[in-house]
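Peer 1: Residue numbers (the working numbering): 1 to 128.
1. As a quick exercise: from 21, 31 and 43, pick the residue whose alpha carbon is nearest that of residue 88.
2. Once DSSP output is grouped into helix, strand and coil, what is the label at residue 97?
3. What does a CB cutoff of less than 6 Å around residue 52 pick up in its chain, not counting 5 residues either side in sequence?
4. For residue 121, which three-state DSSP category applies?
5. Can you pull the DSSP bridge partners for residue 63?
6. Go to residue 34, then tell me how far its alpha helix (DSSP H) extends in each direction, as first and last residue.
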């Protein structure tokens with residue numbers, strides 16, 4: 001008896017890379033929504049976050065809210081090229097709005113800088 005092969009769900013590998021973001025100054029939550037929408041990105045507003053959807057993946061700026069401090073990027077992937085492309089798309093939107101920024105792509109295992117996209121802020125603020 002011949003049976004058709006059983007398809008098993010494929011799972012992506014664990015994300016190896018993540019984004020660390022700086023903006024100077026950080027746009028307000030409403031302004032960030034406007035910036036990303038104006039650049040044609042699909043965005044979703046959450047209580048403390050702004051989330052852009054790129055190729056079915058979320059690129060978020062979280063902990064937006066008065067006393068919570070600066071937002072943090074929440075984007076990771078096992079594919080460095082894809083995450084770099086997504087960071088470039090976010091960077092293009094921020095640059096078009098004149099927002100000084102730096103998006104660093106780091107390796108999760110040891111925080112090695114793998115790529116960086118920026119506008120008006122070539123060095124990390126932590127470098128002095």
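Ideal Cβ placement from N, Cα and C applies to all residues, glycine included. All values reported here derive from a predicted model rather than from experimental measurement.
Peer 2: According to the structure data:
1. Start at 1 with the first residue of the chain shown, and residue 88 comes out as number 88. Among 21, 31 and 43, the Cα nearest to that of residue 88 is on 21.
2. Position 97 of the chain shown, counted from the first residue, corresponds to residue 97. Residue 97 falls in the coil class under three-state DSSP.
3. By one-based count along the chain shown, residue 52 stands at place 52. Taken in chain order, the residues that qualify are 36, 41, 43 and 59.
4. Position 121 of the chain shown, counting from 1, holds the residue named residue 121. Three-state DSSP puts residue 121 in coil, outside helix and strand.
5. The count along the chain shown starts at 1 and reaches residue 63 at position 63. DSSP, once it has assigned bridges, lists no residue as partnering residue 63.
6. As a first step, residue 34 is located in the chain shown; it is residue number 34 there, counting from the start. Here the alpha helix (DSSP H) through residue 34 covers 29-38.
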